[in-house]
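Numbering-wise (my numbering), the sequence shown opens with residue 63 and increments by one.
Each residue gets a CB set at the ideal place from its N, CA and C atoms; glycine is no exception.
See below for the structure under consideration.
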Amino acid sequence: MKTVSRLPDEILCNIFFLAIQNWRVLPKIFKSKNDFNECVALIDISQVCRRWRDVALANPTLWSSLHIDLLDPSSKTLRKVAYFAEVCFARSRDLPLICAISISHLDNFRLAHPLLLALVVHEARWSQIAINLTRPRRQVTPFPVFPEMVRDTSGDYDIHLNNAGAGLLKEFQLNLQSWFSFSMTNPFQRLATLRIAHSDLLVLDDAQGTIAKWLPLASNLTELEITKDDSRVSFAAVQHKVRLESKPRLFRPPVLLPKLRVLLASPTLLPKLTCPALEKYILNYLPPSKTFSTSWNAVNPRCAPLKSETGRHGMNLSEGFSYEGSPPSQSSAQEKISSKYFRSLPKG
63 MKTVSRLPDE
73 ILCNIFFLAI
83 QNWRVLPKIF
93 KSKNDFNECV
103 ALIDISQVCR
113 RWRDVALANP
123 TLWSSLHIDL
133 LDPSSKTLRK
143 VAYFAEVCFA
153 RSRDLPLICA
163 ISISHLDNFR
173 LAHPLLLALV
183 VHEARWSQIA
193 INLTRPRRQV
203 TPFPVFPEMV
213 RDTSGDYDIH
223 LNNAGAGLLK
233 EFQLNLQSWF
243 SFSMTNPFQR
253 LATLRIAHSD
263 LLVLDDAQGT
273 IAKWLPLASN
283 LTELEITKDD
293 SRVSFAAVQH
303 KVRLESKPRL
313 FRPPVLLPKL
323 RVLLASPTLL
333 PKLTCPALEK
343 YILNYLPPSK
353 TFSTSWNAVN
363 PRCAPLKSET
373 GRHGMNLSEG
383 FSYEGSPPSQ
393 SSAQEKISSK
403 YFRSLPKG
């Protein structure tokens, strides 16, 4: 210990970095820079002695990358994690934030509200952000029909974003759209990857509402994934959100995404985009034949010849199908999907 105590602060800080980045193996969440700091280990390190604490607190970079992964947490655990996150965010000072929050098998989403608010307070510093909350599988329902059967995840728990990233945001992932409302106006010059959910209850199609508030500001996107928000909200929560937000902006004329290479979305979004660099298109679901034909006819003139088009049922890439070369004909694509996933298809 005597020898270690003589190390310069810079070397000691480098040792801290090595320790907290190799503490455990973390999943790859972002396209780049997945080297999260293990802040729990960092707190343990900072409690060894006063000097180690001073060195750790003096370097905000140590605290600027945080990964939170919880499985079926209790309300007490989530309160502690929210406080822990607040401490880390405060110690990172003004540095750009990298944060991934993944909470699985969470019965009551309200319990995660303080944690998400702790993150949103620092939205101007967001660089790479991923938020993924899921309920126990047994509670997943395809369509929440009766309000009394569904817990609100909106209303009093709305989270508002108006300056996400403030020009720093490079990657954003969100599967809980029903809690968030957006009023951003400044362009996302650095945003390259956007993975966001939409809710069929809130908008008529992918081209309105939440998506319409992101894409016109994100001209430098290279990857876009639009998935479904499976969090169950009541109609009361939906009505509250519609009243809260302004009328959705429509894509007229189509939004130009000159650098977009990979697109995962439903066919209803295709006519609203111009993607000259598109290389791969992944179909979320099989639409009626007339919609399929209209979407392909609309997108083809505004896209380069696609290297790959993939259709899949649900979100399992391994079960998809691909076509190489020019876009497939309507009949061949439908036949391919039908034989794999559907017993019958609507006839156009």
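- Task: In the DSSP assignment, find the alpha helix (DSSP H) that holds N76 and state where it starts and stops.
- Result: D71 to Q83
- Query: If you compare alpha carbons, which of I273, L236, Q251 and N237 is closest to S245?
  - Reply: I273
- Given a threshold of 16 other Cβ atoms within 10 Å of its Cβ, counted over all protein chains shown, does G387 qualify as buried or as exposed? Its pLDDT being 36, under 50, G387 is placed unreliably by the model, and nothing is read from it.
- Query: Taking the alpha-carbon positions, what's the P176 to V149 distance?
  - Reply: 13 angstroms
- Item | Distance, L325 Cα to L318 Cα | 13 angstroms
- Task: Have a look at I105 and V143 and give me their C-alpha separation to the nearest angstrom.
- Result: 13 angstroms
- Query: DSSP beta-bridge partners for D291?
  - Reply: Beta-bridge partners assigned by DSSP to D291: none are found.
- Do you know offhand how far V489's Cα is from C75's? Because the chain here runs from 63 to 410, residue 489 falls outside it and cannot be looked at.
- Task: Give the range of the beta strand (DSSP E) segment to which F151 is assigned.
- Result: Looking at the DSSP string, F151 is not in any beta strand (DSSP E); the run it does join, the alpha helix (DSSP H), is S137 to R153.
- Item | Distance, A180 Cα to V102 Cα | Computed Cα separation, rounded: 17 angstroms.
- Message: Taking the alpha carbon of S137 as the reference point, which residue from L322, Q235, I73 and L173 has its own alpha carbon closest?
- Response: L173
- Query: Exposed or buried, what is G229 when buried is set at 16 or more other beta-carbons lying within 10 Å of its beta-carbon?
  - Reply: exposed
- Task: Grab me the residues of R187's own chain with a C-beta within less than 6 angstroms of its C-beta, minus the 5 sequence neighbours each way, in chain order.
- Result: If we look at R187 and ignore the five residues flanking it on each side, its Cβ neighbours are P158 and L159.
- Query: Three-state secondary structure (DSSP) at I105?
  - Reply: helix
- Message: Quick check on the burial criterion: 16 or more other C-beta atoms within 10 angstroms. Buried or exposed for E185?
- Response: buried
- Message: Nearest by alpha-carbon distance to L256: which of W241, I130, N99 and L279 is it?
- Response: L279
- In or out: Q239 buried (at least 16 other Cβ within 10 Å) or exposed? buried
- Length of the line joining the Cα atoms of D156 and S189: Rounded to whole angstroms, D156 to S189 spans 12 angstroms at the Cα level.
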